[in-house]
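Worksheet: one structure, shown below.
Protein chains in written order, with our numbering: chain X, 1277 to 1552; chain L, 901 to 1279.
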């Protein structure tokens, strides 16, 4: 006797995979520069997660809260950059990867993006988020460069992002005159503005567990990249000169009529021997 | 010997300072001026786990320790002492005695709600005629079948109006004095239990300090906390822990006043230069900072001993005594260094000086702390 069996297939929706690139930066715009070497003096300046990156991470965590997602953070930096990965754990990420190797040292944005792309070739993802730019360099180049190396569509200056639950993202992109609304299919790369959201605080329970979790430390051998593209060798940028702007003294404010104002300005210019 | 914070504590300090600065500080003057309980802040704290820091994860807490908890009260109090005491009373005086003395059923019933901040906790020991002399309890709990009938009142109860669960004390055997006191857990809304007069206070004006009134409250026997007639010990042990919280509050107030004063003396000019240039200012600041740092060491030591589960009563008394008196002295100097502006409500040091005073009084006056410390020396 034949037995027929009806198989009921229920499509299991794949959990979305998000990777967020984050960077540790000095926590101030008043960074001092060593006048002799032209490099940043980092001593005594606390380090933080770059604000645009933190908003990118918040965007990922909101998608996780609302629709479910597996969120990975990745950073390239010296051993102390471990702190922002622990912070990311305490905010709720699932996985953290720390790219650190002497071969990566001295990288400009191009070499950095090559190293990150090399690591990202080893990770499956539907959405890659980076911050628009880091406050210690303000270049806004790394995110777009990664997209180019990986040959993925990219949308920069993101304010908002929604996912249809299948494979399409609806994005709101900030442009000078207003906003652009875009639909992009996964996988893709986006760069996020810090104005997109207010990042959550670390959770106390998450902080307690943050150092119990494993940060995966990857070096050159763990990633897929041509060594000539890395570190100083792979960095075409050379810094011509770096200098700190001198402090201006506090200004004086006069609320007077135009004629009187002209008189005051002329008097001041004469005092400083700019006019005779 | 190591005085440095653990990695987790460093991360925690970064978070709590940021939270205090962005969420708590902007409301501090308004909370004081309007004598308003900052319920929205409690909700925000609840969301990220601040209402359950030392409660184990199995009961819904953050699974942190008492050093982290003291750091939280310190940093919150540095910008708003009202917010600091709300967390301290909730954690040390309500969640902790249930954690330490409760049955498994009581822990399962109350701790997850307290740890998540869904419920706020309070503690009722003080009565009009039983303050420092806590043995003079007049609230009674009379056994009646499967219940106790509670009658009496409690005063000066922090969080009273906003709490959902209270740990209270009553005489179960008047003939036995302190050995006739028992502890009970009572929930808001229990028939016969009401909130009375709200106090108008000098400082910590947002903390909703009220009277608790019990009129023939029928409380099932399962609400007895710890053993019958062992309530006095529970109260004293609870206050040992509470003193670390209040010492942390005092420490925070002192640090907050220093932070404000350092900023002010660099800006304020007299006789053609910032007043930070005068040696009197420098010496005052040095004394303020040294005593505050000494308070911090005492608080962290006591909290660490509690975490290590070794006796800490004397350490708790010392940190509470020293931090409270330091807070009073430092805020007084902070007002003096601010001059006339410091006496106005334009600057937060005026509020801080008013807030500091209570730390010398509640959860054991400075005199009681001296009794505890010297009794241990002379025994």
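Where a beta carbon is used, it is the ideal one built from N, C-alpha and C, also for glycine. Owing to the predicted nature of the structure, the values given are computational and were not obtained by experimental measurement.
Handout entry: Proximity below 8 Å, CB of residue 1458 of chain X to CB of residue 1431 of chain X
Key = Walking along the first chain from the start, residue 1458 of chain X turns up at place 182. Walking along the first chain from the start, residue 1431 of chain X turns up at place 155. In this structure, residue 1431 of chain X lies closer than 8 Å to residue 1458 of chain X by Cβ.
Practice task
Reducing DSSP to helix, strand and coil, say where residue 1023 of chain L ends up.
Solution key: Counted from its first residue, the second chain places residue 1023 of chain L at position 123. In this structure, residue 1023 of chain L counts as strand in the three-state DSSP scheme.
Problem - DSSP three-state assignment for residue 1371 of chain X, whether helix, strand or coil - result: Position 95 of the first chain holds residue 1371 of chain X. Assigned with DSSP and collapsed to three states, residue 1371 of chain X falls in strand.
Practice task
May I ask which residues mark the beginning and end of the alpha helix (DSSP H) holding residue 988 of chain L?
Solution key: As a working mapping, residue 988 of chain L is identified with position 88 in the second chain. Start and end: 981-988.
Exercise for the section: Output, in sequence order along the chain, the residues in the stretch 1466-1490 of chain X whose CB is closer than 7 Å to any CB in chain L. Expected result: Those would be 1477, 1478, 1479, 1480, 1481, 1483, 1484, 1486, 1487, in chain order.
Exercise for the section: Grab the span of the alpha helix (DSSP H) containing residue 1333 of chain X for me, first residue to last. Expected result: Along the first chain, read from residue 1 onward, the residue named residue 1333 of chain X stands at position 57. Segment 1327-1343, the alpha helix (DSSP H) holding residue 1333 of chain X.
Exercise for the section: Establish whether the CB of residue 1362 of chain X and some CB of chain L are separated by less than 8 Å. Expected result: Residue mapping note: residue 1362 of chain X aligns to position 86 of the first chain, counting from 1. Using a CB distance cut-off of 8 Å, residue 1362 of chain X counts as an interface residue toward chain L.
Exercise for the section: Return the first residue and the last residue of the beta strand (DSSP E) that residue 1430 of chain X is part of. Expected result: Counting from 1 along the first chain, the entry for residue 1430 of chain X is found at position 154. Residues 1430-1439.
Practice task
Could you tell me whether the Cβ of residue 1554 of chain X comes closer than 8 Å to any Cβ of chain L?
Solution key: The question about residue 1554 of chain X has no answer, for chain X in this structure spans 1277 to 1552.
Practice task
Spell out the partners DSSP gives residue 1268 of chain X in its beta bridges.
Solution key: An answer regarding residue 1268 of chain X cannot be provided, because it is not within the stretch 1277 to 1552 covered by chain X.
Exercise for the section: Take residue 1370 of chain X and list the residues in its own chain whose beta-carbon comes closer than 6 Å to its own, dropping the five residues that flank it on each side. Expected result: The sequence position of residue 1370 of chain X within the first chain is 94, counting from 1. Apart from sequence neighbours up to five positions away, the residues of its chain that approach residue 1370 of chain X with a beta-carbon distance below 6 Å are 1346, 1347, ordered along the chain.
Practice task
Quick one: which residues of the stretch 1197-1220 of chain L get their C-beta closer than 9 Å to a C-beta of chain X? List them in chain order.
Solution key: For the stretch 1197-1220 of chain L, which is checked against every Cβ of chain X, not one residue is closer than 9 Å.
Handout entry: Length of the line joining the Cα atoms of residue 991 of chain L and residue 1023 of chain L
Key = Walking along the second chain from the start, residue 991 of chain L turns up at place 91. Walking along the second chain from the start, residue 1023 of chain L turns up at place 123. Taking the straight line joining both Cα atoms gives about 10 Å.
Practice task
Spell out whether any CB of chain X is found under 8 Å from the CB atom of residue 953 of chain L.
Solution key: On the second chain, residue 953 of chain L is found 53 positions in, with the first residue counted as 1. Output row for residue 953 of chain L: interface = yes.
Exercise for the section: From the DSSP output, in three-state form, read off residue 1171 of chain L for me. Expected result: Reading the second chain from its first residue, position 271 is the one you call residue 1171 of chain L. Coil at residue 1171 of chain L, not helix or strand.
Practice task
Evaluate residue 922 of chain L with the Cβ neighbour count: other Cβ atoms within 10 Å of its Cβ, from every protein chain shown; 16 or more gives buried, anything less gives exposed.
Solution key: The residue given as residue 922 of chain L occupies position 22 in the second chain. Exposed is the call here.
Exercise for the section: Determine the DSSP secondary structure at residue 1450 of chain X, reduced to helix, strand or coil. Expected result: Working through the first chain from its first residue, we reach residue 1450 of chain X at position 174. Strand, per DSSP.
Handout entry: Residue of L:1108, L:1262, L:1037, L:965 minimising C-alpha distance to residue 1068 of chain L
Key = The sequence position of residue 1068 of chain L within the second chain is 168, counting from 1. It is L:1037.
Practice task
Could you please tell me which residues of the stretch 960-974 of chain L, in chain order, have their CB closer than 7 Å to any CB of chain X?
Solution key: When CB distances to chain X are screened at a threshold of 7 Å, the residues of the stretch 960-974 of chain L falling below it are 962, 963, 964, in chain order.
Problem - Beta-carbon proximity list for residue 1283 of chain L, same chain, < 8 Å, skipping 5 on both sides - result: Outside the shown range of chain L, which is 901 to 1279, sits residue 1283 of chain L, and nothing can be said about it.
Problem - DSSP state of residue 1461 of chain X mapped onto helix, strand, coil - result: The residue given as residue 1461 of chain X occupies position 185 in the first chain. Looking at residue 1461 of chain X - three-state DSSP - the assignment turns out to be strand.
Problem - Touch test, the stretch 1216-1232 of chain L against the stretch 1070-1087 of chain L, Cβ-Cβ under 8 Å, three pairs minimum - result: No, the stretch 1216-1232 of chain L does not touch the stretch 1070-1087 of chain L.
Handout entry: Collapsed DSSP secondary structure at residue 1406 of chain X in the structure displayed
Key = For this step, residue 1406 of chain X is matched to residue 130 along the first chain. Of the three classes helix, strand and coil, the one that applies to residue 1406 of chain X here is strand, per DSSP.
Handout entry: Continuous alpha helix (DSSP H) assignments of at least 4 residues falling wholly in the stretch 999-1083 of chain L
Key = Unbroken alpha helix (DSSP H) runs of no fewer than 4 residues, entirely contained in the stretch 999-1083 of chain L, are found at 1004-1015, following chain order.
Handout entry: Where the beta strand (DSSP E) containing residue 1117 of chain L begins and where it ends
Key = Position 217 of the second chain, counting from 1, holds the residue named residue 1117 of chain L. Boundaries of the beta strand (DSSP E) around residue 1117 of chain L: 1110-1120.
Practice task
In the DSSP assignment, find the unbroken alpha helix (DSSP H) run with residue 1208 of chain L in it and report its ends.
Solution key: Walking along the second chain from the start, residue 1208 of chain L turns up at place 308. Careful: residue 1208 of chain L lies outside any alpha helix (DSSP H) and carries neither H nor E.
Problem - Cβ separation of residue 1360 of chain X and residue 1325 of chain X, assumed to be a contact under 8 Å, to the nearest whole Å - result: Your numbering for residue 1360 of chain X matches position 84 in the first chain. Your numbering for residue 1325 of chain X matches position 49 in the first chain. That pair is a contact at about 4 Å.
Practice task
Look at residue 1486 of chain X and residue 1362 of chain X and say whether their C-beta atoms are less than 8 Å apart.
Solution key: Residue numbering aside, residue 1486 of chain X sits at position 210 when the first chain is read from its first letter. Residue numbering aside, residue 1362 of chain X sits at position 86 when the first chain is read from its first letter. Closer than 8 Å, so yes.
Handout entry: Residue(s) in a DSSP beta bridge with residue 1466 of chain X
Key = Translated into the one-based positions of the first chain, residue 1466 of chain X becomes position 190. DSSP links residue 1466 of chain X through a beta bridge to X:1405, X:1431.
Problem - Through-space distance from residue 1290 of chain X to residue 1277 of chain X, alpha-carbon basis - result: Along the first chain, read from residue 1 onward, the residue named residue 1277 of chain X stands at position 1. Along the first chain, read from residue 1 onward, the residue named residue 1290 of chain X stands at position 14. In this prediction, residue 1277 of chain X has a pLDDT of 49, which is less than 50 and means its spatial position is unreliable; nothing more can be read from the coordinates.
Problem - Entirely enclosed alpha helix (DSSP H) segments - the stretch 1467-1513 of chain X, minimum 4 residues - result: Residue ranges of uninterrupted alpha helix (DSSP H) with 4 or more members, entirely inside the stretch 1467-1513 of chain X and ordered along the chain, are 1480-1486.
Practice task
Determine whether the Cβ of residue 1172 of chain L lies closer than 8 Å to any Cβ atom of chain X.
Solution key: For the purposes of this step, residue 1172 of chain L is taken as residue 272 along the second chain, with counting starting at 1. Taking Cβ atoms only, chain X never reaches closer than 8 Å to residue 1172 of chain L, which makes this a no.
Handout entry: Per DSSP, the bridge partner or partners of residue 1094 of chain L
Key = Taking the first residue of the second chain as position 1, residue 1094 of chain L is located at position 194. Within the DSSP bridge table, the entry for residue 1094 of chain L names L:1113 as partners.
Handout entry: Beta-carbon proximity of residue 1157 of chain L to residue 1268 of chain L, cut-off 8 Å
Key = Along the second chain, one-based indexing puts residue 1157 of chain L at 257. Along the second chain, one-based indexing puts residue 1268 of chain L at 368. Cβ atoms of residue 1157 of chain L and residue 1268 of chain L: not closer than 8 Å.
Practice task
Could you check the C-alpha separation between residue 1454 of chain X and residue 1419 of chain X for me, to the nearest Å?
Solution key: Stepping through the first chain from its first residue, residue 1454 of chain X is reached at position 178. Stepping through the first chain from its first residue, residue 1419 of chain X is reached at position 143. The straight-line gap from Cα to Cα measures roughly 22 Å.
Problem - Nearest to residue 917 of chain L (by Cα), restricted to the options L:1152, L:963, L:931 - result: Residue numbering aside, residue 917 of chain L sits at position 17 when the second chain is read from its first letter. With distances taken between CA atoms, residue 917 of chain L lies nearest to L:1152 out of L:1152, L:963, L:931.
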